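Quick note, the sequences are listed as chains A and B, same order.
First residue of the first sequence: 2, per my numbering; consecutive thereafter.
First residue of the second sequence: 267, per my numbering; consecutive thereafter.
Contents: one structure, followed by commentary.
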Amino acid sequence: MSVHTLSIDGRPVAVEAGASLLAACRGAGIALPTLCHLDGLTPVGACRLCLVEVEGQARPLAACVSAAAEGQVVRTDTAQLRQFRRMAVELFFAEGNHLCAVCVANGACELQDLAVAVGMDHSRFPARWPRRAVDASHPLFTLDHNRCILCSRCLRACDELEGAHVWDIAERGEHCRLVAGLDQPWGEVAACTSCGQCVDACPTGALFRRQESAGDHQPRRDRAAVLQQARQQKLWRNQGEVPP
Amino acid sequence: MASYGSPGAWGGASVGSGRPLRPPELARGVAMSRTITIDPVTRIEGHARITLQLDGDGHLVEARFHVLEFRGFETFCQGRPFTEMAAITARICGICPVSHMLTAARTGDKLLAVAIPAAAQKLRRLLNLAQISQSHALSFFHLSSPDLLLGWSCDPARRNLFGLIAAEPELARAGIRLRQFGQQIIERLAGRRIHGAWAVPGGVRSPLSPVDRDAILAGLPEAKATARLALERFKGLLDGPLRAEAQSFGHFPSLFLALVGPGGRWEHLDGGAAAGDGRSGGGLRIRAADGGLVADGLRAEAYASVLAEAVEPWSYLKAPYYRPYGYPGGLYRVGPLARLNVCEAIGTPWADAELIELRQRWGPVVLSSFAYHLARLIEIVACLEAIEALLHDPQLLDPHVRSRAGLNRLEAVGVGEAPRGTLFHHYEVDEQGLIRQLNLLIATGQNNLAMNRTVLQIARAFIPDPVPAGAEIPEELLNRVEAGIRCFDPCLSCSTHAAGSMPLRLELRDAAGGLLAVRERG
Numbered sequence: 002m003s004v005h006t007l008s009i010d011g012r013p014v015a016v017e018a019g020a021s022l023l024a025a026c027r028g029a030g031i032a033l034p035t036l037c038h039l040d041g042l043t044p045v046g047a048c049r050l051c052l053v054e055v056e057g058q059a060r061p062l063a064a065c066v067s068a069a070a071e072g073q074v075v076r077t078d079t080a081q082l083r084q085f086r087r088m089a090v091e092l093f094f095a096e097g098n099h100l101c102a103v104c105v106a107n108g109a110c111e112l113q114d115l116a117v118a119v120g121m122d123h124s125r126f127p128a129r130w131p132r133r134a135v136d137a138s139h140p141l142f143t144l145d146h147n148r149c150i151l152c153s154r155c156l157r158a159c160d161e162l163e164g165a166h167v168w169d170i171a172e173r174g175e176h177c178r179l180v181a182g183l184d185q186p187w188g189e190v191a192a193c194t195s196c197g198q199c200v201d202a203c204p205t206g207a208l209f210r211r212q213e214s215a216g217d218h219q220p221r222r223d224r225a226a227v228l229q230q231a232r233q234q235k236l237w238r239n240q241g242e243v244p245p
Numbered sequence: 267m268a269s270y271g272s273p274g275a276w277g278g279a280s281v282g283s284g285r286p287l288r289p290p291e292l293a294r295g296v297a298m299s300r301t302i303t304i305d306p307v308t309r310i311e312g313h314a315r316i317t318l319q320l321d322g323d324g325h326l327v328e329a330r331f332h333v334l335e336f337r338g339f340e341t342f343c344q345g346r347p348f349t350e351m352a353a354i355t356a357r358i359c360g361i362c363p364v365s366h367m368l369t370a371a372r373t374g375d376k377l378l379a380v381a382i383p384a385a386a387q388k389l390r391r392l393l394n395l396a397q398i399s400q401s402h403a404l405s406f407f408h409l410s411s412p413d414l415l416l417g418w419s420c421d422p423a424r425r426n427l428f429g430l431i432a433a434e435p436e437l438a439r440a441g442i443r444l445r446q447f448g449q450q451i452i453e454r455l456a457g458r459r460i461h462g463a464w465a466v467p468g469g470v471r472s473p474l475s476p477v478d479r480d481a482i483l484a485g486l487p488e489a490k491a492t493a494r495l496a497l498e499r500f501k502g503l504l505d506g507p508l509r510a511e512a513q514s515f516g517h518f519p520s521l522f523l524a525l526v527g528p529g530g531r532w533e534h535l536d537g538g539a540a541a542g543d544g545r546s547g548g549g550l551r552i553r554a555a556d557g558g559l560v561a562d563g564l565r566a567e568a569y570a571s572v573l574a575e576a577v578e579p580w581s582y583l584k585a586p587y588y589r590p591y592g593y594p595g596g597l598y599r600v601g602p603l604a605r606l607n608v609c610e611a612i613g614t615p616w617a618d619a620e621l622i623e624l625r626q627r628w629g630p631v632v633l634s635s636f637a638y639h640l641a642r643l644i645e646i647v648a649c650l651e652a653i654e655a656l657l658h659d660p661q662l663l664d665p666h667v668r669s670r671a672g673l674n675r676l677e678a679v680g681v682g683e684a685p686r687g688t689l690f691h692h693y694e695v696d697e698q699g700l701i702r703q704l705n706l707l708i709a710t711g712q713n714n715l716a717m718n719r720t721v722l723q724i725a726r727a728f729i730p731d732p733v734p735a736g737a738e739i740p741e742e743l744l745n746r747v748e749a750g751i752r753c754f755d756p757c758l759s760c761s762t763h764a765a766g767s768m769p770l771r772l773e774l775r776d777a778a779g780g781l782l783a784v785r786e787r788g
């Protein structure tokens with residue numbers, strides 16, 4: 002097994018070759034904020050929160066999709082990175098309709114936690130207040146587009162773990178939105194197995210169990226990682242650690 | 267304080283409020299009608315203005331309570347899942363979030379068509395009792411007692427809670443502690459004092475622990491002592507310095523509407539064990555001023571057939587009335603006094619004794635709006651006694667507090683008694699459970715007509731008729747007009763589903779609507 006050694010925030014770190022910078026940071030106990038990343042799913046570099054500065058690179062890199070390389074000098078916590086991260090979080094809030102007070106995921110929301118972590122007390126950008134719908138056509142789950150940040154974790158969980166590929170992102174720019182099936186009401190998509198992995202993968206309250214009310218949402222966000230490990234270890238039976 | 271024409275012509279009283287006096291902008295015509303405006307009205311929950319309309323001869327012809335807030339909850343709730351209504355409608359108000367949460371949850375129960383667990387029903391009752399007692403304590407001690415205890419002519423700069431603390435520190439402290447007692451029950455049940463999302467369709471989210479129950483019990487003796495102190499003090503004033511106010515503050519016949527329980531007992535929360543069914547006795551009741559029952563045993567769903575809402579161009583607050591009697595003849599009052607007028611008995615010994623004394627003092631149906639203050643204190647007693655009884659009920663600690671069900675109905679009306687009166691939530695949902703139509707009928711709105719009537723009556727009693735041209739009206743008299751509104755403890759954020767805090771403005775207008783003078787504080 003070949004190993005790369007690099008410097009992160011002045012600390013020497015050794016990682017397996019092929020590991021991402023995000024894995025290198027986390028292995029070294031350095032917390033990098035993420036939203037679109039979920040252990041167990043393929044990284045996509047969509048949220049831009051895990052940006053790091055690498056010496057010799059003109060621009061910051063998304064750590065989740067950048068491989069760690071021998072001799073790299075990486076900084077994760079510079080003034081510029083903090084500014085970028087805070088701006089990214091503020092833009093998430095300005096882009097959708099995020100009303101924590103009445104949200105099912107209040108208290109269990111990664112976006113909310115991140116806003117606290119980056120010190121966002123308000124958004125400097127004017128809220129767009131887009132008019133977005135709620136899809137409550139599924140018998141077990143509800144999709145609220147107002148709270149969707151297009152991280153695509155649901156899409157990847159459905160595709161990579163369940164193999165159903167119910168979800169896709171449709172359209173462009175500000176019109177981008179999550180669609181089920183061929184842009185059908187979720188409840189009409191025959192491919193959906195109602196496994197609920199998308200709901201557990203969602204970082205916000207965009208996907209939740211029907212009849213959950215404010216603050217009710219208790220997602221199992223480690224479910225993807227548990228399933229992926231189980232698959233690698235060829236554990237085909239539920240041995241208690243995987244939610245039914 | 268108001269002025270019109272050149273200041274100081276009658277009474278000559280300098281009010282010393284520090285509010286700026288502006289000269290009349292214009293005098294149009296010879297015999298013109300005028301308007302006196304009190305803007306903003308202070309020590310109420312919200313933004314409002316009072317105008318007193320004078321005719322050309324200076325006679326008072328009309329009084330209007332203008333509510334200046336607008337929010338639009340009924341529109342932006344459309345398209346949201348009904349399960350969120352308890353959390354969203356609670357945000358209408360920071361004073362009564364609990365009342366909205368409970369009524370929304372109750373309406374949600376009816377959409378699910380479930381029977382909620384007995385422990386959940388009792389916990390909801392406990393929460394509502396805490397809410398009523400803390401809100402009444404706020405109204406009486408923080409907002410109204412400066413008028414009642416310090417006097418109408420007290421310097422406005424001192425006629426507030428801080429003035430009360432300086433003059434009567436023991437009573438003020440006890441009142442603040444009483445409110446805290448209610449707030450802490452809410453916090454122990456709902457997780458936080460304001461906007462805890464705890465009651466949900468199907469029940470409540472978490473049970474009560476024995477530790478919390480015991481902590482609440484420990485606070486009861488002090489709360490009761492405070493209620494006793496305030497009652498004795500206030501009843502003494504009613505027999506003495508406040509005797510005139512009791513007769514002139516909104517003393518008129520009207521209908522009274524409130525929930526009653528089985529046997530016509532005092533009630534504050536709809537829904538027995540079988541949510542969605544008719545109740546075994548009880549329901550909405552309307553009593554006339556002569557004591558006769560105009561309607562009884564009405565279910566929440568009947569509200570639209572017995573109540574209608576009028577809209578006036580001068581206020582964002584709608585004016586509900588009893589439909590069969592028409593507008594504005596169908597004026598009715600809700601709230602603490604209505605609950606006491608409508609019920610046969612309260613059902614706990616101390617509160618029943620106080621209720622009997624109230625009826626001995628003012629008759630079997632109490633018509634004076636000033637009696638709302640006393641009714642609030644009696645209801646605090648009723649709440650404290652009911653809280654004590656509930657806390658000794660072993661079923662209260664049952665951990666089974668939530669029933670689960672799918673959407674089974676597309677329309678439901680929930681009703682509850684908020685501190686200020688009967689609260690209706692009416693939801694229509696589509697097959698997916700998303701809100702299609704929402705109607706909220708709020709206590710303060712239902713008292714709108716009565717508040718206007720009260721203001722007119724007080725103005726007639728305490729302001730000279732005709733009002734001489736070019737005179738000042740002393741602050742003391744205008745404060746009485748304001749205090750008439752405070753009898754109802756109006757909450758304007760709820761009633762318009764709107765936002766704000768409270769200042770006071772008074773305008774004088776001529777017949778053409780031109781502004782002659784304005785006086786404001788804020």
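Backbone N, C-alpha and C define an ideal beta-carbon position, used for all residues, glycine too.
Because the structure is a prediction, the values reported are computed rather than measured.
TODO: Run through the stretch 143-194 of chain A for me and flag every whole alpha helix (DSSP H) of 4 or more residues, listed as ranges in chain order.
DONE: Within the stretch 143-194 of chain A, the complete alpha helix (DSSP H) runs of at least 4 residues fall at 154-157.
- [ ] Put SER67(A) into one of helix, strand or coil per three-state DSSP.
- [x] Within the first sequence, numbered from 1, the residue matching residue 67(A) stands at position 66. When DSSP states are grouped into helix, strand and coil, SER67(A) belongs to the coil group.
- [ ] Note down, in chain order, each residue of its chain lying with its Cβ closer than 6 Å to the Cβ of ALA481(B), except the 5 sequence neighbours on either side.
- [x] For the purposes of this step, residue 481(B) is taken as residue 215 along the second sequence, with counting starting at 1. The beta carbon of ALA481(B) is closer than 6 Å to none in its chain, skipping five residues each way along the sequence.
- [ ] Use the C-beta contact count for SER571(B): other C-beta atoms within 10 angstroms, 16 or more gives buried, fewer gives exposed.
- [x] The residue you call residue 571(B) lines up with position 305 of the second sequence. SER571(B) should be labelled exposed.
- [ ] Please indicate yes or no: does the CB of HIS534(B) lie closer than 7 Å to some heavy atom of the ligand ZN?
- [x] In the structure on display, the ligand ZN does not appear, and there are no ligands present to speak of.
Task: C-beta atoms of PHE209(A) and ILE150(A) nearer than 8 Å - done: Position 208 of the first sequence, counted from the start, is the residue given in the question as residue 209(A). Position 149 of the first sequence, counted from the start, is the residue given in the question as residue 150(A). Contact flag unset, no.
Task: Environment of LEU183(A) [buried if 16+ CB atoms lie within 10 Å] - done: Position 182 of the first sequence, counted from the first residue, corresponds to residue 183(A). Exposed, by the Cβ-count rule.
TODO: Verify whether the separation of the beta carbon atoms of VAL45(A) and GLY28(A) is less than 8 Å.
DONE: Here the question's residue 45(A) lines up with position 44 in the first sequence. Here the question's residue 28(A) lines up with position 27 in the first sequence. For VAL45(A) and GLY28(A), no; Cβs fall outside 8 Å.
- [ ] Residues of the stretch 197-220 of chain A with a CB closer than 8 Å to any CB of chain B: list them in chain order, please.
- [x] Under the 8 Å Cβ criterion, the stretch 197-220 of chain A contributes ARG211, GLN212, GLU213, SER214, ALA215, GLY216, ASP217.
Open item on the list: When you compare the CB of THR143(A) with every CB in chain B, is at least one pair closer than 8 Å?
Closed with: Translated into positions along the first sequence, residue 143(A) becomes position 142. For THR143(A), the answer is yes, since a Cβ of chain B falls inside 8 Å of its Cβ.
Open item on the list: What would DSSP say about LEU437(B), mapped onto helix, strand or coil?
Closed with: Your numbering for residue 437(B) matches position 171 in the second sequence. Here LEU437(B) carries a helix assignment [DSSP, helix/strand/coil].
- [ ] Taking only beta-carbon positions, decide if ALA489(B) is within less than 8 Å of chain A.
- [x] Taking the first residue of the second sequence as 1, we reach residue 489(B) at position 223. ALA489(B) has a beta carbon lying at 8 Å or more from every beta carbon in chain A.
Open item on the list: I want to see whether chain A comes within less than 8 Å of ALA275(B), judged by CB atoms only; does it?
Closed with: Along the second sequence, read from residue 1 onward, the residue named residue 275(B) stands at position 9. With a pLDDT of 28 at ALA275(B), under the threshold of 50, the predicted position of this residue should be treated as unreliable, though the coordinate-derived value follows. No, its Cβ sits nowhere closer than 8 Å to a Cβ of chain A.
Task: Residue ranges of each beta strand (DSSP E) within the stretch 577-639 of chain B, 3 or longer - done: Entirely contained in the stretch 577-639 of chain B, the beta strand (DSSP E) runs reaching 3 residues are, in chain order, 585-588.
Task: Pairwise C-alpha distance: ALA727(B) and PRO709(B) - done: On the second sequence, residue 709(B) is found 443 positions in, with the first residue counted as 1. On the second sequence, residue 727(B) is found 461 positions in, with the first residue counted as 1. Pro is not the amino acid found at residue 709(B); the sequence shown has Ala there. C-alpha separation (whole angstroms): 27 Å.
Task: Distance CB(ILE302(B))-CB(ILE751(B)) smaller than 8 Å - done: For the purposes of this step, residue 302(B) is taken as residue 36 along the second sequence, with counting starting at 1. For the purposes of this step, residue 751(B) is taken as residue 485 along the second sequence, with counting starting at 1. Cβ distance not < 8 Å, so ILE302(B) and ILE751(B) don't count as in contact.
TODO: Give a yes or no on contact between the stretch 463-476 of chain B and the stretch 656-673 of chain B, applying the rule of three or more CB pairs nearer than 8 Å.
DONE: Judged by pairs of C-beta atoms under 8 Å, the stretch 463-476 of chain B touches the stretch 656-673 of chain B, as three or more such pairs exist.
Task: Under 8 Å from the C-beta of HIS461(B): neighbouring residues of chain A - done: Locating residue 461(B) in the second sequence gives position 195, where the first residue counts as 1. By Cβ distance, chain A contributes ALA102.
Task: Residues of its chain near ILE451(B), where Cβ-Cβ distance is below 6 Å and the 5 sequence neighbours each way are ignored - done: As a first step, residue 451(B) must be located in the second sequence, where it is residue number 185. Excluding residues up to 5 positions away in sequence, ALA396, ILE482 lie with their Cβ nearer than 6 Å to the Cβ of ILE451(B) in the same chain.
Open item on the list: Suppose you measure from the CA of ALA70(A) to the CA of ARG12(A); what does that come to, to the nearest Å?
Closed with: The residue given as residue 70(A) occupies position 69 in the first sequence. The residue given as residue 12(A) occupies position 11 in the first sequence. Rounded to whole angstroms, ALA70(A) to ARG12(A) spans 15 Å at the Cα level.
Task: Backbone CA spacing between MET717(B) and GLY516(B) [nearest angstrom] - done: The residue given as residue 717(B) occupies position 451 in the second sequence. The residue given as residue 516(B) occupies position 250 in the second sequence. Distance between the alpha carbons of MET717(B) and GLY516(B): 8 Å.
Task: Inter-residue spacing [alpha-carbon to alpha-carbon] between ASN426(B) and GLY417(B) - done: The residue given as residue 426(B) occupies position 160 in the second sequence. The residue given as residue 417(B) occupies position 151 in the second sequence. When the Cα atoms are used, ASN426(B) and GLY417(B) turn out to be separated by approximately 11 Å.
Open item on the list: For a quick check, are the C-beta atoms of GLY682(B) and ARG372(B) less than 8 Å apart?
Closed with: For the purposes of this step, residue 682(B) is taken as residue 416 along the second sequence, with counting starting at 1. For the purposes of this step, residue 372(B) is taken as residue 106 along the second sequence, with counting starting at 1. By the CB criterion at 8 Å, GLY682(B) and ARG372(B) fall inside the cutoff.
Task: chain A contact for LEU700(B) (CB, 8 Å cutoff) - done: For the purposes of this step, residue 700(B) is identified with residue 434 of the second sequence, where counting begins at 1. At least one chain A Cβ lies under 8 Å of LEU700(B).
Open item on the list: So for GLN319(B), helix, strand or coil by DSSP?
Closed with: The residue you call residue 319(B) lines up with position 53 of the second sequence. Reduced to three states, the DSSP call for GLN319(B) is strand.
Open item on the list: In the DSSP output, what is THR349(B) paired with across the bridge?
Closed with: On the second sequence, residue 349(B) is found 83 positions in, with the first residue counted as 1. THR349(B) pairs with nothing; no bridge assigned.
Task: Below-8 Å beta-carbon distance, LEU292(B) vs any chain A residue - done: Counting from 1 along the second sequence, the entry for residue 292(B) is found at position 26. For LEU292(B), the pLDDT reaches just 33, beneath the cut-off of 50, and the residue's location in the model is therefore unreliable, although a value from the coordinates is still provided. Cβ-Cβ to chain A under 8 Å: no for LEU292(B).
- [ ] Return the chain-ordered list of same chain residues with a C-beta closer than 7 Å to the C-beta of VAL747(B), the five sequence neighbours on each side being excluded.
- [x] Mapped onto the second sequence, residue 747(B) falls at position 481. Closer than 7 Å at the Cβ level, and outside the excluded window around VAL747(B), lie ILE304, ILE316, VAL721, ILE724, ALA725.
Open item on the list: Would SER138(A) pass as an interface residue toward chain B - the criterion being a Cβ-Cβ separation below 8 Å?
Closed with: Here residue 138(A) is taken as the residue at index 137 of the first sequence, counted from 1. Taking Cβ atoms only, chain B reaches closer than 8 Å to SER138(A), which makes this a yes.
- [ ] Measuring alpha carbon to alpha carbon, tell me which of ILE729(B), ASP413(B), PRO756(B), ARG702(B) ends up nearest ASN713(B).
- [x] Taking the first residue of the second sequence as position 1, residue 713(B) is located at position 447. The option with the nearest alpha carbon to ASN713(B) is PRO756(B).
Task: Interface partners of GLY345(B) on chain A, CB under 8 Å - done: Reading the second sequence from its first residue, position 79 is the one you call residue 345(B). Result: ALA134, VAL135.
TODO: With distances taken Cα to Cα, identify the nearest neighbour of GLY529(B) among LEU368(B), VAL608(B), ASP664(B).
DONE: One-based indexing of the second sequence puts residue 529(B) at position 263. The residue from LEU368(B), VAL608(B), ASP664(B) with its alpha-carbon nearest to that of GLY529(B) is VAL608(B).
Open item on the list: By the 9 Å beta-carbon criterion, what residues does the stretch 355-378 of chain B contribute toward chain A?
Closed with: Taking 9 Å as the Cβ-Cβ cut-off against chain A, the residues of the stretch 355-378 of chain B that qualify are ALA356, ARG357, ALA371, GLY374, LEU378.
TODO: Would you mind telling me which residues of chain A sit closer than 7 Å to THR349(B), beta carbon to beta carbon, in chain order?
DONE: In the second sequence, residue 349(B) corresponds to position 83, counting from 1. Going along chain A in sequence order, the residues near THR349(B) (Cβ under 7 Å) are GLN212, GLU213, SER214.
Task: Closer than 8 Å to chain A by CB, ALA716(B) - done: On the second sequence, position 450 is the one that residue 716(B) refers to. Residue contact with chain A for ALA716(B): absent (no Cβ-Cβ distance below 8 Å to any residue of chain A).
Task: alpha helix (DSSP H) runs wholly inside the stretch 387-430 of chain B, at least 4 long, in chain order - done: Taking only runs of at least 4 residues, the alpha helix (DSSP H) segments lying wholly in the stretch 387-430 of chain B are 411-416.
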